[in-house]
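Just below is one structure, and these are the notes that go with it.
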Amino acid sequence: MTSKAHAEKGKVVARDVARGSGGPRPHPALGLHNAIGNRGINRLMGARTRRDPDYRRGYLGIATCSEQGVVNTYVPGEHCAGDCVQQHENVHVADMSLCCARYSSCLNSAPDVGGRQQCRESWLDYMNHLEDYTECNAYQTEFDCLTSLLIRECTLPGASGAVSPDCCKKLDQEHANVTTMITRHCPKAVPWPCPFP
Ligand SMILES: [Zn+2]
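For the sequence shown, my numbering assigns the number 2 to the initial residue and increments by one for each residue that follows.
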């Protein structure tokens, strides 16, 4: 996805959250959806460049290991209700934190620039191999989060009414997208050993 598309999607999400219950206007993302279809959307949501050391939940969230050895999360595009994207990113934190700290130790104990470069290359290789495993974990947590949110706020007759019908529709679409991501990542998920002692 281009950075422009990123920014555009971010704006759409932010505006939608700010608008709250929504209005008669069709959701701007529906135009995109109609244009490229489910598979296109899923491709965009899974987009990640090979050299990028971060785990991205499409444009919705990110978890990244700093060279100080801490995994930080950033969630610019939480769903219209709940904290399921944050929960997704928190799984990456849990999966990456130990090796991220060791990566930082590798950098700190490297004798020179070349040594630090080797640490970085080992980290990138580790991240590439860990991707299916940690995305499988993260999407399963997001799936559970969305499922209980949909049941609680959109299905049960006693729902609080805090989540608008418009938002329920979007949550349902996100649930479908997440299901696709589970079928993509989980069959290939293998826990990868951390390359640092
Ligand atoms: Zn993720």
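Glycine included, C-beta positions come from ideal geometry on N, C-alpha and C.
For clarity, every value in this text was computed on a predicted model and none was experimentally measured.
Note to self: Can you give me the C-alpha to C-alpha distance between Gly-11 and Pro-198, rounded to a whole angstrom?
What the structure shows: Because the pLDDT at Gly-11 is just 32, under 50, the model does not fix this residue reliably, and the value given afterwards should be weighed accordingly. When rounded, the distance between both Cα atoms is 39 angstroms.
Next item on the list: On the DSSP bridge assignment, give the partners of Val-72 in chain order.
Entry: DSSP lists Cys-66 as the bridge partner or partners of Val-72.
Next item on the list: Apply the 10 Å Cβ neighbour rule to Asn-109 and answer buried if 16 or more other Cβ atoms are within range, or exposed otherwise.
Entry: So Asn-109 counts as exposed.
Notebook entry, point to check: Which term fits Asp-96, buried or exposed, when burial requires 16 or more other beta carbons within 10 angstroms of its beta carbon?
Noted result: With 16 or more other Cβ atoms inside 10 Å of its own Cβ, Asp-96 counts as buried.
Notebook entry, point to check: Taking buried to mean at least 16 other C-beta atoms within 10 Å of its own C-beta, is Lys-189 buried or exposed?
Noted result: Label assigned to Lys-189: exposed.
Check: Which first and last residues belong to the alpha helix (DSSP H) in which Gly-198 is found?
Finding: For the sequence presented, residue 198 should be read as Pro rather than Gly. Counted as a single uninterrupted DSSP element, the stretch harbouring Pro-198 is not any alpha helix (DSSP H), since DSSP gives it neither H nor E.
Margin query: Along the chain, where does the alpha helix (DSSP H) containing Tyr-104 start, and where does it finish?
Written below: Per DSSP, the unbroken alpha helix (DSSP H) holding Tyr-104 starts and ends at 85-110.
Notebook entry, point to check: What's the gap between the Cα of Pro-77 and the Cα of Gly-162?
Noted result: Cα-Cα distance, rounded: 25 angstroms.
Check: Could you give the C-beta distance for His-93 and Val-114, rounded to a whole number, given that I count them as a contact under 8 angstroms?
Finding: The C-beta separation of His-93 from Val-114 comes to about 29 angstroms, leaving the pair out of contact by the 8 angstroms criterion.
Notebook entry, point to check: Under 8 angstroms from any heavy atom of ligand 1, does the C-beta of Thr-184 make it?
Noted result: No, the beta carbon of Thr-184 sits no closer than 8 angstroms to any heavy atom of ligand 1.
Next item on the list: Mind reading off the beta-carbon distance from Met-182 to Glu-132? Whole number of angstroms is fine, and I expect it under 8 angstroms.
Entry: Actually they do not touch by this definition, with Cβ atoms about 12 angstroms apart.
Item checked: Coarse secondary structure for Ser-123, derived from DSSP in three states -> Here Ser-123 sits in helix by DSSP.
Margin query: Any heavy atom of ligand 1 inside 8 angstroms of the beta-carbon of Glu-68?
Written below: Exclusion of Glu-68 from the 8 angstroms shell around ligand 1 follows from its C-beta lying no nearer than that to any non-hydrogen atom of the ligand.
Checklist line | Straight-line gap, Tyr-75 to Leu-151 (C-alpha atoms, nearest Å) | finding: Rounded to the nearest angstrom, the two C-alpha atoms are 24 angstroms apart.
Check: If you count every other CB in all the chains shown that lies within 10 Å of the CB of Ala-64, and 16 or more means buried, which is it?
Finding: Taking every protein chain shown into account, the CB of Ala-64 has 16 or more other CB atoms within 10 angstroms, so this residue is buried.
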